Every structure is written in structure tokens, then in C-alpha cells.
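Peer 1:
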Amino acid sequence: MSESETERVPASPAGYGPAQPVRLPALVVNVVALVAGFAAFVVFGAVNGLVRGPRAFDGLVVVSETATSIGVTVNAFVVGGAVLVALVVTIVLHEAVHGLVLGYFGYDVSYGAASHVGGFYAAAFGQYVSRAETVWVLVAPLIVLDVLGLGLLLAAPNALVALFAWMVLTLNTGGAAADLWSLAFVQKLPADVVFCDVDLRHSYWFESAD
Numbered sequence: 042m043s044e045s046e047t048e049r050v051p052a053s054p055a056g057y058g059p060a061q062p063v064r065l066p067a068l069v070v071n072v073v074a075l076v077a078g079f080a081a082f083v084v085f086g087a088v089n090g091l092v093r094g095p096r097a098f099d100g101l102v103v104v105s106e107t108a109t110s111i112g113v114t115v116n117a118f119v120v121g122g123a124v125l126v127a128l129v130v131t132i133v134l135h136e137a138v139h140g141l142v143l144g145y146f147g148y149d150v151s152y153g154a155a156s157h158v159g160g161f162y163a164a165a166f167g168q169y170v171s172r173a174e175t176v177w178v179l180v181a182p183l184i185v186l187d188v189l190g191l192g193l194l195l196a197a198p199n200a201l202v203a204l205f206a207w208m209v210l211t212l213n214t215g216g217a218a219a220d221l222w223s224l225a226f227v228q229k230l231p232a233d234v235v236f237c238d239v240d241l242r243h244s245y246w247f248e249s250a251d
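Listed below in C-alpha cells is the structure:
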């Protein structure tokens, strides 16, 4: 570890060994995000099409036919607005769910905004979180928001609401890439490890010394 990293390393809790850094492979996470997001876009888009059929894009896309051609016009203002709102809502709710689960387990949760984490964050800085609790914190946003998003997609009263739900599902699934990678990493560790976030860039895990 570099000198700056060493200064941030938290003390080991009683009965645990030295801190081990958690390193997030940015390239791998970005690839997972693209694959997961694209898969969600296709799958939930197909669900939207199956539920609504030819009315899936009413008011969003206009198809005009002439004797020699077919024209397609997208209502860019409405579609772009729905996507933008879905992005903001997804980011805020995704982090809110992380925070609610941490709070449920009794941790003091910090909320804030930072550009390098995609907007907002929820974290239990300087506190030792168990492996089992960490698993729930990681998977909760993907499960909760995708279930709610799918319910909204199926029950949407019109194409605009359906588009919003579709985009939330796409963005939330793709945006869970870091959580999914972290979950895979956590599952490889012993059941009694604990984790500690020092700040948004530095996280550590500790293995029992017993």
C-alpha cells in the first residue's frame, strides 16, 4: 500500500488480523455494467412489447407511411425526459435502499453526492460490517428496485409510464455491476470476515485471527 493509503487504514477490530484492501477492477465492472444493462434493456423491453403489443410506444414514436416509404418520428423531448427522470430516480433510490438496509442493521449511515461514484452514495464510514450484512446491503437495491420496476412496467397505465419503468429496470440492473462484483468477491471470503469503508475510495476487509 502507498503511504497515503496506509494513513487511511482502519485499526483491526479485536480478534481480527490486519486490514486487506478491497480493490474494484474498473474495467471488469464497466464490462459487467454494459452486459447487464443491455440484457435488462432487451429482456424488459420484450416484456413491455408482450404486455402492450403495438401500443407499447403510443405517443412516443409516430410511424407514417406513404406509397414509397415508411417514416418513424421519435418524440425526443418526452422520451429524453423520461430517461433523464428515470436516471435520477434510479440513482437516488438505489443508494437509499443501500442506506435503509445499513440503518436496519443499526449502522450510522452517511448520505451524500460525489461525481466519481455516479452522483449519490450511502455508506457506513468507519464502522465494521459483517459479511452476512454486507451481502444484504449489496443485493437489496437490485432485488427491491427490479421487483418494483417490473410491477410498475406490468401495471403501467400508458406507454410513458411503461417507458419510465423500463428505463429504471435497465439502469438499476446495469448500475448494480459494482454491487454484483463485490458480492462475488465477498462470497469467496470466510463467513466471519468484516468490512470497513474508510471513504468512497478506500474499503478494507478483516479476517478473524482465530
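For our numbering, count along the sequence shown from 1 and bump the result up by 41.
Backbone N, C-alpha and C fix where the C-beta goes; we use that ideal spot for every residue, glycine too.
Given the structure is predicted, the values throughout are model-derived calculations rather than measurements.
Quick check on DSSP: helix, strand or coil for Ala196?
Peer 2: The answer is helix: DSSP assigns Ala196 an H, G or I state.
Peer 1: Shortest alpha-carbon distance to Val103 belongs to which of Ala55, Asp240, Ile184 and Ala200?
Peer 2: The candidate whose alpha carbon is nearest that of Val103 is Ala200.
Peer 1: Since Gly160 is in the beta strand (DSSP E), which residue starts that stretch and which ends it?
Peer 2: Run containing Gly160: Gly160 to Ala164, per the beta strand (DSSP E) assignment.
Peer 1: Measuring only the C-alpha atoms, how far is Ser43 from Pro54?
Peer 2: Since pLDDT at Ser43 reaches only 47, below the 50 mark, its modelled position is unreliable, and the value read off the structure follows with that caveat. Those two C-alpha atoms are separated by around 22 angstroms.
Peer 1: So, for Thr211: in the same chain, excluding its five sequence neighbours on each side, which residues have a beta-carbon less than 6 angstroms away from its beta-carbon?
Peer 2: Gly78, Ala81 and Phe82, listed in sequence order.
Peer 1: In three-state DSSP terms, what is Gln168?
Peer 2: In this structure, Gln168 counts as coil in the three-state DSSP scheme.
Peer 1: Going by the CB atoms, is the gap between Val124 and Met208 shorter than 7 angstroms?
Peer 2: Contact: yes.
Peer 1: Looking at the structure shown, is Asp233 part of a helix, part of a strand, or coil, going by DSSP?
Peer 2: Looking at Asp233 - three-state DSSP - the assignment turns out to be coil, as it is neither helix nor strand.
Peer 1: Please report how far the alpha carbon of Tyr145 lies from the alpha carbon of Ala60, in whole angstroms.
Peer 2: The alpha-carbon atoms of Tyr145 and Ala60 are separated by roughly 26 angstroms.
Peer 1: Hey, how far is the Cα of Leu191 from the Cα of Thr107?
Peer 2: Cα to Cα, Leu191 sits roughly 37 angstroms from Thr107.
Peer 1: Pick helix, strand or coil for Arg102, following the three-state DSSP scheme.
Peer 2: The question names Arg, yet the displayed sequence has Val at residue 102. Of the three classes helix, strand and coil, the one that applies to Val102 here is strand, per DSSP.
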